[in-house]
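Shown next, in structure tokens, is the structure this report addresses.
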Amino acid sequence: MGGQNRGLGSSNGGECEGCRRLKARFLVLCVLSGFVGSIGVFWGLGSYGCRGRDLWEERAQVLVEQSNLSKNQLQALVLLLSSSERTFAQCMEKSRASHDTYRAEGGSLSCIREAICFEGKRRRGQQDCVRDEIVRVGHCAVQNEHILVNPVPSLPKNEYMIDTSQQNFVSSPVQNDITLLKAKKLINTAKEHQKLLSKILWWILLGLLVLFGLGELSKSSYKQNHQQKHLQLQNSKSGGKWMKKILYMGVFLGVLVSVWIFVSMNANIIERRTETLANMCDERARMLQDQFNVSMNHVHAMAILISTFHHGKNPSAIDQVLHSQRELFEQQHGWKIKKMETEDHSPVQDDYNPEKLNPSPIQDEYAPVIFSQETVSHIVSIDMMSGKEDHDNILRARSTGKGVLTSPFKLLKSNHLGVVLTFAVYNSDLPPNAIPQERIEATVGYLGASFDVPSLVDKLLQQLASKQTIVVNLYDTTNSSSPIKMYGPDVSKSSGFHISHVDFGDPLRKHEMHCRFKNEPPLPWTAITTSIGVAVIVLLVGHIFYAALNRIEKVEDDYREMRELKVRAEAADVAKSQFLATVSHEIRTPMNGVLGMLQMLLDTELDATQQDFAVTAQQSGKALITLINEVLDQAKIESGRLELEAVPFDVRDVLDNVLSLFSDKSQVKGIELAVYVSDQVPEVLIGDPGRFRQILTNLIGNSVKFTEEGHIFVSVHLVGEVKISNNITSPISHENAEVRTNCRDKSYNTLSGFQVVDRRRNLENFRMFKSTTEPSDSVNLLVTVEDTGVGIPEDAQSRIFTPFMQADSSTSRTYGGTGIGLSISKCLVDLMGGEIGFVSKPGVGSTFFFTAVFTEGKKNSGDMKRYHFDATLSDFWGMRALVVDGRRVRAEISKYHLQRLGIQADIATDPKAALSAIFEASSLSGTSKLDMVLVDKEAWGEGSGLAFPSHLTDLRRNGSTIKPRQSTPKLFLLATSLSLTEIDELKSAGYIDCIRKPLRLSMMAVCLRKALGVGIKRQQVRGQPLALQSLLKEKQILVVDDNAVNRRVAAAALKKYGAIVTCVASGKEAIVMLQPRHKFDACFMDVQMPEMDGFEATRQIRSCEKKINELIEREVSMDNGDVTHWHTPILAMTADVIQATHDECLRCGMDGYVSKPFEEEQLYSAVARFFESDAVDPTF
Amino acid sequence: MLGLDAARLEADMNRLMAQLFHQGVLDEQFMQLQQLQDDSSPNFVLEVISIYFRESEKMLTNLRHQLADKEVTDYTKIGVHLNHLMGSSSSIGANRITTVCIALRAASEQCSWARCLRCLEVLEHEYCYLKARLHELFQMEQQRVIAAGVRYRPQLA
């Protein structure tokens, strides 16, 4: 399950990582798209700006041309003047020089104008410059005039003319200014648009980021919630929907924004277009108007000139002719006054010949053309009064005194549409406020100028050569209902035109200029691309978010599914363990019945066969129970619910206890079973003794099972110790010693002389051996279990730690067992932070070794768990012993056990040394005297141990130094098994007693005590019902159970074994009863009790005892009998056999545990622990 | 009654016991209980069983009381009572009652009121059945003791 969890976790992690990567990609894409979009928009706007600048420059060009034009016109005027009056040719020639300078100046002027165009900032100053230039021009002209005309009445008029021109000139820079301003404004607006758009873009980006951030936040938040509560899954789901809605809304908004961008940009473009059109139209209209005005000024000037020159001539040289003067006039000029052909006005006549014209009919007055430009010389002698338009015009001009325009009509000969400007020339100075009548009377002639409108406009437009894009129409709108077209192509009615009013200086006439673009407006590509770009970005981002949301949803779904699966798996796991617990309990109950009955059956009179059957049945039942426990353990380890205790324990004590379990079997088989704990291993360790014991039991059990002869040797060392001594041959690490062939028989330097496998190489692979540093407070133990058994086949070695795998399917047939033990051991070792390994060689044996990490405990911790409570170990302090053994290893083990008892031991490996040591010691006295000699039964081979005392007695008999008998040390034989004859021989050979191997502290103590007469010894007979009876006989036992039935049954059962039972019904009563200085030898406590359960009661009893003990320790002198240490054995009674309960029992200070209802054997083994210290090996 | 043969009564008793064992009402523990009866405590089984019935009666009343109202049911208390009942039942070997107790405990662990109630009814039924049978048994035994004119000594094993 743990692995599954981890897998789930990691997959979750992977998803998360994927999500993160996806998000990062989003962000990058968002930023990138925003960047690209903004660049696009900037580019678009930049091109707009450029266009604006182009426009501006163009306009500047136009202005330059215009100024050139007016210059040219001035020139034309001069030409006209020169041609009209030859008498002033000389004068004009004189003026040419100055004129040239003027031209040059004009050139410079144009240069300056150009400068204006490109250096807008210095416009003002330069304008001043321009003004200066004009003034100079004016002066120049004045000088000219001065030379020309001596009488100076017209001087002011001249000045006026120059003034007007000046005004003209001045006005154009002003207008130029205005255009510049407009252009600037345009650029400004473009810039503003640009700014606005970029702002919008940034906002969109910001909004996207915020959205993204929000999404992230909500996602993470509901992920947290996810982890917290399963219930909120629904919420998160709705949250996901909500997110999607937001997404849709966001996409919709984005599309709207893009549409808006399109609309606004398009509107902007259209606006700009119309603005451009208006500008261009206005510009054209103004130019036309200017040109016209200039022309009008020329005419005006001419009129003044003429009137000046003709002043006083009679008849006037100009064309005002009264009928009375006609004859004279015609005579004078040599031609007849002719009439305009009004009938043939409209049809175009290319071969126009004024000679063919009829003479004018008789009228009051005539206005024949007497003087004309070369180009229009054909109109000389035609009476202008005869044309209707001209007639009106002349009359009007005469009365107003100003230039007057006709409505457009076909001009003579050229047949172009044109207008005629008419000026009246007066014969005398008129007062400024002359009435029309006075004017009419003062009129001496007329001055007419015909304007060929199409050519004029064409010329104008040609100056603006680049402007092919615009179509210009000029209308006379004096009659607003039916405008007369003066110029331009026929226009089908279209809406996109701009109207500019043109003032030609005649207030009666109104003219309009209509401009429109030649081409339809191009598609607003910028707007389209920008908006589509934005839309695409929005959609892409939306798509990405959508995909992400979908993915998140999917992952969530998966997660939910996984979660459900996990919950189910957990439930299944719980069910499994519950099932196991229940089943094991349910199986145990009937099994207890079966076993109990079998036990009872064995107690009855049975014949041999029946006995055999019953025993077999009982053993099978026991095996089944063990198996169930093991399976339960395995299940618990697998589910990771097995927790190790951390309680102080004595590792040597644990080993003794384990050894005692197998002592029977090893004795029966005749295998040497020995344990050695290095003296560097601390006395008290903190760890889980139960589990440590379990591992050892498994390993030793296996070894015992598979070993038929030889030895099983358990050694415990510190890892560091072994590491250091890896190459030093320490006495006990015999496996390092090279195989030594004995001279007598081929034997190895091992415990039993059998060959063992070498484990060194494998040990080096251990983690602990590799690491050089180890934490100071931890104790790393290396436990080796070495046997000389059948070994494990090579091919099975790889799967030896797999549950339910045995080396061989035949193994289970031969040796029994399930093969679960090693797998459990491995798990436990892993839990203890160690490693397990083995070396095995078929036919030679196996060595299992494992490491485990413990911490060092304090020595005198009161609540240390012990299997033996032996306060009388100090009996042997200060004694000396000699271990006589041919095998060093074995001797070291014996020495180790003696040292644990506080006996100082020496080793003698050959008989002579031993004998000399004995004699030497017996000669001494006091503390250095030898108290005991322990001889191994097989010290130098079969039976040599038994023969040893004879050497001694021989020596003693023969030797010169015969010592008193009492000072001779007591001889003990160490043997694994003894036959009856050997027991007989034992005494006769001179041995005091025999100590049965495996050596254990308690047993040795008992044996030595008995032999040496130290302490109190009590002999007990083993044999179970009897033993139980003997153990419990006359014992005061307190039974604590709230259940009256159970209480009664337990009491009856215990009474059966001779115990004196007292019953109480609650934990509180038990505490009262067990206040120290009570009579009880043991207490059976029910675990599950109302009010105060067994654990709590035990805890209280223990704390009470502790207090009393402290008190006793303080007042040592106080006489309280034999009992110096209060520790009432408390056994838990429970129907629950789960290990956890057991652990709990031990944790709260209970000594053991019996299942309800009582099982005789279990009861015995539990009870025996407290009373065993008195028990002696049954053989003696 | 006095005229009845002791041997016949014993046979009847054995038959009844066998029936109870066969039905699974009782198990080996009951036999162990009978084993514990000896001269020092001649009426041990009867004594224990009567204690058992007295205690169980209380437990059942408590359980019934606890399960009376769905709203105020305290499942932990039910668990305590059940443990008590189970402990004593397994001690005397009342197998079927123990089984039903386990079922009831499972139901109470899941806090399923309806299932608890159902189990309780079964439990009560089992209890009544056991009580009736054991009552019968003890009556027969007393009669047998009277008929035999000797003190009862368990020979059932």
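As you go down the protein sequences, you meet chains L and A in turn. Quick note: the first sequence, position 785, residue 785 per the UniProt record's numbering, numbers continuous. Quick note: the second sequence, position 56, residue 56 per the UniProt record's numbering, numbers continuous. Idealized CB from N, CA, C, for every residue including glycine.
Taking residue i as the query, report the chain L residues whose CB atoms sit under 8 Å from its CB, ordered along the chain.
i: A:I92; result: V1045, V1049
i: A:H65; result: Those do not exist, as A:H65 stays about 16 Å from chain L at its closest Cβ, beyond 8 Å.
i: A:E10; result: Those do not exist, as A:E10 stays about 20 Å from chain L at its closest Cβ, beyond 8 Å.
What separation, rounded to the nearest whole angstrom, lies between the Cα atoms of residue i and residue j?
i: residue 1181 of chain L; j: L:V472; result: Only positions 1 to 1180 of chain L appear in the structure, and residue 1181 of chain L is not among them; the question remains open.
i: A:R118; j: L:Q578; result: 23 Å
i: L:A1005; j: L:K576; result: 47 Å
i: L:I1016; j: L:L1008; result: Interpretation of L:I1016 is limited by its pLDDT of 42, a score under 50 that renders its predicted location unreliable; no figure is taken from the coordinates.
i: L:D910; j: L:L661; result: 33 Å
i: L:M879; j: L:D656; result: 22 Å
i: L:P949; j: L:V883; result: 13 Å
i: A:Q142; j: L:D603; result: 29 Å
i: L:V716; j: L:G833; result: 16 Å
i: A:T61; j: A:E124; result: 10 Å
i: A:Q19; j: L:G845; result: 56 Å
i: L:C270; j: L:V541; result: Rather than Cys, the amino acid found at residue 270 of chain L in this sequence is Ile. Those two C-alpha atoms are separated by around 31 Å.
i: A:H84; j: L:L1163; result: 22 Å
i: L:V574; j: L:E564; result: 15 Å
i: L:N1046; j: L:E1144; result: 22 Å
i: L:I992; j: A:D27; result: 53 Å
i: L:W202; j: L:M280; result: 36 Å
i: A:M31; j: L:I893; result: 50 Å
i: A:Q23; j: L:G857; result: 56 Å
i: L:Y446; j: L:G334; result: 20 Å
Going along chain L, which residues have a C-beta under 9 Å from residue i?
i: A:G87; result: D1041, D1042, N1043, V1045, N1046, D1086, Q1088, A1135, K1156
i: A:H135; result: What A:H135 touches in chain L: nothing, since even the nearest Cβ is about 17 Å away.
i: A:Q32; result: G593, G596, M597, M600, V1049, A1053, P1157, F1158
i: A:L41; result: First, the amino acid is wrong: residue 41 of chain A is Ser here, not Leu. In chain order: A1052, K1055.
i: A:E55; result: N1043, A1044, V1045
i: A:D27; result: T589, P590, G593
i: A:V100; result: Correct list: empty, because the minimum Cβ distance to chain L is about 14 Å.
Just the chain L side, please: which residues come within less than 7 Å of residue i by C-beta, in chain order?
i: A:I51; result: A1044, V1045, R1048
i: A:K44; result: Going by the sequence as given, residue 44 of chain A is Phe instead of Lys. Within chain L, the residues near A:F44 are A1052.
What are the residues that DSSP puts in a beta bridge with residue i?
i: A:E124; result: None; A:E124 has no bridge partner.
i: L:L718; result: L:L781
i: L:G515; result: Looking at the sequence provided, one finds Cys at residue 515 of chain L rather than Gly. Beta-bridge pairing links L:C515 to L:V472, L:H498.
i: L:Y1164; result: Per DSSP, none; premise fails for L:Y1164.
i: L:P408; result: Paired residue(s): none; L:P408 is not in a bridge.
i: L:M648; result: Note on identity: in this sequence residue 648 of chain L is Pro, with Met being the wrong assignment. In the DSSP output, where bridge partners are listed per residue, L:P648 has L:I686.
i: residue 1226 of chain L; result: In the structure as shown, chain L begins at 1 and stops at 1180. Residue 1226 of chain L is therefore absent and cannot be evaluated.
i: L:K485; result: L:Y475
i: residue 1183 of chain L; result: This structure does not reach residue 1183 of chain L, given that chain L is present from 1 up to 1180, and the question cannot be answered.
i: L:V883; result: L:I907, L:L934
Just the chain A side, please: which residues come within less than 7 Å of residue i by C-beta, in chain order?
i: L:K554; result: Neighbours of L:K554 on chain A: none; closest Cβ ~35 Å, over 7 Å.
i: L:K1068; result: Near L:K1068 there are no residues of chain A at all, since even the closest Cβ is about 17 Å away, more than 7 Å.
Say whether chain B places a C-beta atom closer than 8 Å to the C-beta of residue i.
i: L:K705; result: Reference to chain B is not applicable here, since the protein chains of this structure are L and A.
contact_flag[the region 659-670 of chain L, the region 970-985 of chain L] where n(CB pairs < 8 Å) is 3 or more: yes
Measuring CB atoms only, is the region 472-491 of chain L touching the region 510-519 of chain L, in the sense that at least three cross pairs come out at less than 8 Å? yes
How do the region 274-292 of chain L and the region 513-526 of chain L stand: do at least 3 beta-carbon pairs fall below 8 Å, yes or no? yes
Contact between the region 606-624 of chain L and the region 40-60 of chain A is defined here as three or more beta-carbon pairs at a separation below 8 Å; is this criterion met? no
Is the region 528-538 of chain L touching the region 257-264 of chain L in the sense that three or more CB pairs, one from each, lie closer than 8 Å? yes
Between the region 1060-1073 of chain L and the region 1096-1105 of chain L, are three or more C-beta pairs nearer than 8 Å? yes
Decide yes or no for the touch test of the region 289-297 of chain L against the region 325-339 of chain L: beta carbon pairs closer than 8 Å, at least 3 of them. no
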